[in-house]
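Residue numbers (my numbering): 5 to 381.
Idealized CB from N, CA, C, for every residue including glycine.
Spelled out as structure tokens, the structure:
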């Protein structure tokens with residue numbers, strides 16, 4: 005029998021993305037799979053049910069009908085308790101599980117005998133690039149962060165010379181030059197801002213400068229060794245953090261817009277911008293905290309809202325920034341999922357091979373147990 009793939013509506017607050025698009029439905033059916041989509045799945049991304057049906061999917065009226073007989077459930081966020089209980093033992097779930105924090109969801113999946121894969125754990129190796137959902141979503145989030153900053157900022161970004169005088173370019177400081185940060189740098193540059201950026205990873209300096217921005221960091225021996233083999237930032241020593249904080253304080257006071265993007269896998273987001281930093285900024289300045297979903301980089305940031313400080317600085321704390329550009333975010337994430345699902349389907353049948361290095365790295369639950377060492381610990 006063909007592999008039965010199901011997609012259900014996202015029910016987490018504020019989640020506008022969906023796990024499959026009509027384009028990717030066609031790709032999955034070409035693999036020999038059947039696809040069932042719950043009615044209303046694509047509404048947040050402006051995809052009507054009729055488009056899924058035209059692409060070859062069956063549109064089910066509700067969650068129970070969508071999951072009946074499903075071998076694989078594809079999601080953006082982790083499944084609800086209702087969805088997990090409707091899955092048969094041995095079924096597969098693939099989603100952005102937020103596995104370090106969503107312990108109850110992980111435990112429920114293990115208890116149900118479901119094999120669950122977390123897209124955030126896909127290794128950053130060449131073979132897995134097309135499956136890198138963190139990068140696809142961070143890219144869009146970095147772009148949208150600058151758009152949100154421009155909206156909140158009471159002035160223009162580019163220098164403009166007019167008969168009435170010259171308008172100075174906005175000064176934008178991006179903290180964290182990973183995928184989201186580099187896209188924020190590129191977007192701010194395209195809008196005409198004067199851009200600086202910082203990161204603790206030495207490789208980021210060349211990347212920032214290649215985009216026409218200036219790199220700002222304490223470049224000592226610890227800085228030159230501050231990157232893991234996987235390309236992530238390492239936690240820095242208190243001594244380095246103090247030196248970097250002093251440099252940040254002297255730089256941030258001159259900025260009009262600050263975008264923070266720093267994350268450390270499995271840990272709360274590091275605090276980069278303190279209340280003192282915020283208090284030093286000019287009235288009308290804007291800070292966008294892209295790490296708010298993981299606790300935030302900015303003191304005073306409030307998840308899901310724009311906070312205005314007593315000195316008139318706006319701190320943008322929108323959660324799920326990629327979801328604010330839902331159509332593109334869904335399209336890219338769905339392609340990530342299809343590439344990953346290709347590892348699970350062999351000759352039209354479900355074949356979960358945990359000897360595959362990508363599947364092994366992304367596996368969170370299997371055989372009734374939590375198998376990911378970092379999550380289990």
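- Only residues of its own chain outside the window of five on either side were considered, and among them 110, 122, 368 and 379 have a CB closer than 6 Å to the CB of residue 103, listed in chain order.
- With contacts defined by Cβ atoms closer than 8 Å, residue 227 and residue 206 form a contacting pair.
- For residue 351, the closest C-alpha among the options 93, 101, 192 and 37 is that of 37.
- One alpha carbon belongs to residue 114, the other to residue 194, and they sit about 46 Å apart.
- CA-to-CA, the gap between residue 245 and residue 305 works out to about 21 Å.
- Annotation: the stretch 74-142 contains the following complete segments of the alpha helix (DSSP H) (minimum length 4 residues), in chain order: 85-90 and 107-115.
- Residue burial annotation: residue 285 is buried, with at least 16 other C-beta atoms found within 10 angstroms of its C-beta.
- DSSP lists 177 and 291 as the beta-bridge partner residues of residue 262.
- The Cβ-Cβ distance between residue 265 and residue 277 does not fall below 8 Å.
- Per the Cβ contact rule, the stretch 301-315 is not in contact with the stretch 328-342 (fewer than 3 Cβ pairs under 8 Å).
- For residue 247, DSSP records no beta bridge to any residue.
- The straight-line gap separating the alpha-carbon atoms of residue 171 and residue 334 is approximately 38 Å.
- The C-alpha of residue 106 is placed about 25 Å away from the C-alpha of residue 66.
- Our two residues, residue 336 and residue 168, have alpha carbons roughly 44 Å apart in a direct line.
- For residue 356, no pairing in a beta bridge is given by DSSP.
- The Cβ atoms of residue 80 and residue 59 lie no closer than 8 Å to each other.
- In this structure, residue 142 lies near residue 183, with their beta-carbon atoms less than 8 Å apart.
- Cβ-Cβ distances below 8 Å link residue 151 to 191 in the same chain, with the five nearest sequence neighbours on each side left out; the list follows chain order.
- Rounded to the nearest whole angstrom, the C-alpha separation of residue 281 and residue 251 is 11 Å.
- Sequence-distant partners of residue 353 (beyond 5 residues in either direction) whose C-beta falls short of 7 Å from its own C-beta, in its chain, are 7.
- Exclusion of the five residues before and after residue 267 leaves 273, 295 and 298 as the residues of its chain whose Cβ lies within less than 7 Å of its Cβ.
- If you look at residue 376, you'll find it isn't in any beta strand (DSSP E); DSSP assigns it neither H nor E.
- If you look at residue 33, you'll find it in the alpha helix (DSSP H) that goes 26-34.
- For residue 217, there is no enclosing beta strand (DSSP E), since its DSSP letter is neither H nor E.
- Distance between residue 69 and residue 290, taken at the CA atoms: about 46 Å.
- In the DSSP assignment, residue 185 falls outside any beta strand (DSSP E) and within the unbroken alpha helix (DSSP H) covering 183-194.
- When 319, 202, 219 and 125 are compared, the shortest CA-CA separation from residue 375 is found for 125.
- Residue 127 and residue 319 do not touch by the CB rule: their CB atoms are close to 34 Å apart, not below 8 Å.
- Ranking 118, 50 and 57 by CA distance to the CA of residue 77 puts 118 first.
- From the listed residues 84, 179, 212 and 33, the smallest Cα separation to residue 255 is found for 179.
- By alpha-carbon distance to residue 181, the top candidate from 158, 210 and 163 is 210.
- Along the stretch 306-370, the alpha helix (DSSP H) occurs as fully enclosed runs of 4 or more residues at 330-345 and 361-366, listed in sequence order.
- Closest by C-alpha distance to residue 44, out of 33, 15, 27 and 72, is 15.
- Per DSSP, the beta-bridge partners of residue 40 are 10 and 62.
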